[in-house]
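Working notes for the structure below.
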Amino acid sequence: MAKTFVPGSRGITGFLEEEERELLRKLFSDVITMLEPEALDSEDPLVALVGFDPHIAPPEDSALRRLLPDGVKDDDEAALEFRRFTERSLRESKIGALRAASLALESNEIQLDAAQARNFAMALNDVRLVVSDRLGIRTESDAEAVHAMQEWSDADDLETYLAVVYNFVSWLQESLVQALAYSLDDEPSPAGEKGEREDRA
Amino acid sequence: MNPTATAEVRLAALTDPEVREEQGLEERTLTDTPWNLVVWNDPVNLMSYVSYVFRSYFGYSQKKADKLMMEVHRKGRSIVAHGGRERMEQHVVAMHGYGLWATVERAGAGGKGQHG
Numbered sequence: 050m051a052k053t054f055v056p057g058s059r060g061i062t063g064f065l066e067e068e069e070r071e072l073l074r075k076l077f078s079d080v081i082t083m084l085e086p087e088a089l090d091s092e093d094p095l096v097a098l099v100g101f102d103p104h105i106a107p108p109e110d111s112a113l114r115r116l117l118p119d120g121v122k123d124d125d126e127a128a129l130e131f132r133r134f135t136e137r138s139l140r141e142s143k144i145g146a147l148r149a150a151s152l153a154l155e156s157n158e159i160q161l162d163a164a165q166a167r168n169f170a171m172a173l174n175d176v177r178l179v180v181s182d183r184l185g186i187r188t189e190s191d192a193e194a195v196h197a198m199q200e201w202s203d204a205d206d207l208e209t210y211l212a213v214v215y216n217f218v219s220w221l222q223e224s225l226v227q228a229l230a231y232s233l234d235d236e237p238s239p240a241g242e243k244g245e246r247e248d249r250a
Numbered sequence: 060m061n062p063t064a065t066a067e068v069r070l071a072a073l074t075d076p077e078v079r080e081e082q083g084l085e086e087r088t089l090t091d092t093p094w095n096l097v098v099w100n101d102p103v104n105l106m107s108y109v110s111y112v113f114r115s116y117f118g119y120s121q122k123k124a125d126k127l128m129m130e131v132h133r134k135g136r137s138i139v140a141h142g143g144r145e146r147m148e149q150h151v152v153a154m155h156g157y158g159l160w161a162t163v164e165r166a167g168a169g170g171k172g173q174h175g
């Protein structure tokens with residue numbers, strides 16, 4: 050049985066059983082497969098180099114669209130232009146975080162430094178976005194209905210199984226985020242802060 | 060060293076107006092008009108995670124991060140940052156990296172959220 054993540058002097062530590070790690074590796078790998086750009090071998094090398102893709106279109110799969118949402122609302126043309134410049138890079142950074150999270154699953158004792166913990170939290174979140182879409186979670190009440198399904202022993206069909214998976218990953222992410230938030234409390238200059246003061250009110 | 064440096068440098072290059080101009084891709088007129096970074100509610104992202112992202116990425120205090128997160132949760136959206144367009148677009152990509160849905164909009168366009 051998994052244990053909650055705990056912040057400590059050597060980073061954040063946790064514990065996952067072999068079957069839980071196997072499940073997470075599989076989920077991370079599934080999301081990586083979804084995110085890998087199509088037709089890699091035939092593409093223009095310039096597209097790969099500068100990340101600008103003139104032929105891009107919004108993803109048809111609703112789960113993939115949760116991972117790669119529009120950057121501009123109610124303006125399809127502007128949203129598509131935004132995608133041309135950013136989607137390739139966003140796919141790559143997500144794949145990077147998912148791969149890094151997978152590598153952190155080598156043993157039952159999970160040991161995460163600040164960067165690994167951040168990647169792990171992002172990877173868990175992307176898994177939750179995909180599974181929630183498959184479960185049809187669109188509203189807060191959908192989420193509450195799914196939340197009621199907590200027991201592996203209740204998982205007798207695919208949807209219930211996915212709901213239990215979703216709740217397990219949610220619990221794990223919540224635990225990791227609590228540990229990360231605790232770690233932020235001692236940091237005078239949080240990770241990721243780079244001259245954002247002009248954005249503060 | 061900041062663990063996010065490599066990814067951010069790459070993203071910065073993509074949204075850098077000079078880089079775009081060199082590539083002949085910049086057709087927009089850059090103006091002084093401020094832009095908003097809007098984060099939208101969804102039933103999936105954990106409240107604690109949204110607040111953590113605001114704290115760790117923007118360096119906001121816990122109080123400010125929690126206030127913005129609650130605004131997202133209750134009102135459906137919140138203006139989390141505002142400034143130049145290119146900068147806000149970089150923030151959008153960063154928020155999408157975390158799995159939060161964010162968009163850019165011209166300041167004054169939507170106007171429902173209050174910048175904290």
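Keeping their order, the protein sequence lines are chains X and A.
The first sequence begins at 50 in my numbering and counts up by one.
The second sequence begins at 60 in my numbering and counts up by one.
Just so it is clear, CB atoms sit at the ideal spot from N, CA and C, and this is done for glycine as well.
This one's a predicted model, so the numbers in the text were calculated from it and none came from an experiment.
Residue i classed as buried or exposed, judged by whether at least 16 other C-beta atoms fall within 10 angstroms
i: X:Glu193; result: exposed
i: A:Thr162; result: buried
i: X:Gly57; result: exposed
i: X:Ser156; result: exposed
i: X:Thr53; result: exposed
i: X:Ser202; result: exposed
i: X:Ser142; result: buried
i: A:His141; result: buried
i: X:Leu139; result: buried
i: X:Thr135; result: buried
i: A:Gln179; result: Absent from the structure is residue 179 of chain A, since the part of chain A shown begins at 60 and ends at 175.
i: A:Glu86; result: Legend: pLDDT at A:Glu86 = 40, less than 50; position of this residue unreliable, no value from coordinates given.
i: X:His196; result: exposed
i: A:Val51; result: In this structure chain A extends from 60 to 175, so residue 51 of chain A is not present and cannot be described.
i: X:Asp102; result: buried
i: A:Glu164; result: buried
i: A:Ala64; result: In this prediction, A:Ala64 has a pLDDT of 39, which is less than 50 and means its spatial position is unreliable; nothing more can be read from the coordinates.
i: A:Glu81; result: Confidence at A:Glu81 is low in this model, with a pLDDT of 46, below 50, so the placement of that residue should be treated as unreliable; the coordinate-derived value is given next. Answer is exposed; the Cβ neighbour count stays below 16.
i: X:Gln165; result: buried
i: A:Arg114; result: buried
i: X:Lys199; result: In the sequence on display, residue 199 of chain X carries Gln and not Lys. Counting Cβ neighbours within 10 Å, X:Gln199 comes out exposed, since fewer than 16 surround it.
i: X:Glu232; result: Correcting the residue type first, residue 232 of chain X is Ser in the shown sequence and not Glu. The residue in question, X:Ser232, is buried, as its Cβ has 16 or more Cβ neighbours within 10 Å.
i: X:Asp119; result: buried
i: X:Val179; result: buried
i: X:Ser50; result: The sequence given here has Met at residue 50 of chain X, not Ser. X:Met50 should be labelled exposed.
i: X:Arg167; result: buried
i: X:Ser111; result: exposed
i: X:Ser190; result: exposed
i: A:Val112; result: buried
i: X:Arg177; result: buried
Unbroken beta strand (DSSP E) run spanning residue i, endpoints
i: X:Leu229; result: Looking at the DSSP string, X:Leu229 is not in any beta strand (DSSP E); the run it does join, the alpha helix (DSSP H), is 207-234.
i: A:Gly156; result: Unbroken run through A:Gly156 is the alpha helix (DSSP H), 144-157; no beta strand (DSSP E).
i: A:Leu96; result: 94-99
i: X:Val55; result: 52-57
i: X:Ile61; result: 60-64
Neighbouring residues, chain D, relative to residue i (Cβ below 8 Å)
i: A:Gly156; result: Judged by its chain identifiers, the structure shown contains no chain D, and its protein chains are X and A.
Within chain X, the residues that residue i reaches when beta carbons sit closer than 8 Å
i: A:Pro102; result: Ser181, Ile186, Arg187, Thr188, Glu189, Asp191, Ala192
i: A:Glu145; result: Those do not exist, as A:Glu145 stays about 11 Å from chain X at its closest Cβ, beyond 8 Å.
i: A:Ser137; result: Going along chain X, no residue has its Cβ under 8 Å from A:Ser137, so there is no contact; the nearest lies around 12 Å.
Extent of the continuous alpha helix (DSSP H) run through residue i
i: X:Thr82; result: 67-84
i: A:Lys126; result: 121-134
i: A:Lys165; result: What sits at residue 165 of chain A in the sequence shown is Arg, not Lys. Here A:Arg165 belongs to no alpha helix (DSSP H); instead the beta strand (DSSP E) covers 161-165.
i: A:Val103; result: Segment: none, A:Val103 is in no alpha helix (DSSP H) and carries neither H nor E.
i: X:Glu111; result: The residue asked about is misnamed: residue 111 of chain X is Ser in this sequence, not Glu. Run containing X:Ser111: 111-116, per the alpha helix (DSSP H) assignment.
Within chain A, partners of residue i - CB distance below 7 Å
i: X:Glu223; result: Leu105, Ser107
i: X:Phe217; result: Under the 7 Å cutoff, chain A gives no residues; its nearest Cβ is about 14 Å from X:Phe217.
Residue i: contacting residues in chain A (beta-carbon distance under 9 Å)
i: X:Thr62; result: Result: empty, since nearest Cβ-Cβ is about 18 Å, beyond 9 Å.
i: X:Gln160; result: The premise fails here: X:Gln160 is roughly 16 Å from chain A at the closest Cβ pair, so nothing lies under 9 Å.
Proximal chain A residues relative to residue i, where beta-carbon distance stays under 8 Å
i: X:Asp175; result: Gly158
i: X:Gly120; result: Glu148, Val151, Val152, His155, Ala161, Thr162, Val163
i: X:Leu117; result: His155
Any alpha helix (DSSP H) of 4 or more consecutive residues that is wholly inside the segment 142-197 of chain X: With a minimum length of 4 residues, the continuous alpha helix (DSSP H) runs that stay inside the segment 142-197 of chain X are 163-183, 189-196.
Cβ pair count under 8 Å reaching 3, the segment 217-228 of chain X against the segment 102-122 of chain A: Enough Cβ pairs lie closer than 8 Å, so yes.
Across the segment 72-83 of chain X and the segment 165-176 of chain X, are there enough close Cβ pairs to call them in contact, namely three or more that are closer than 8 Å? The segment 72-83 of chain X is in contact with the segment 165-176 of chain X.
Between the segment 123-137 of chain A and the segment 106-118 of chain X, do at least 3 Cβ pairs fall closer than 8 Å? No, the segment 123-137 of chain A does not touch the segment 106-118 of chain X.
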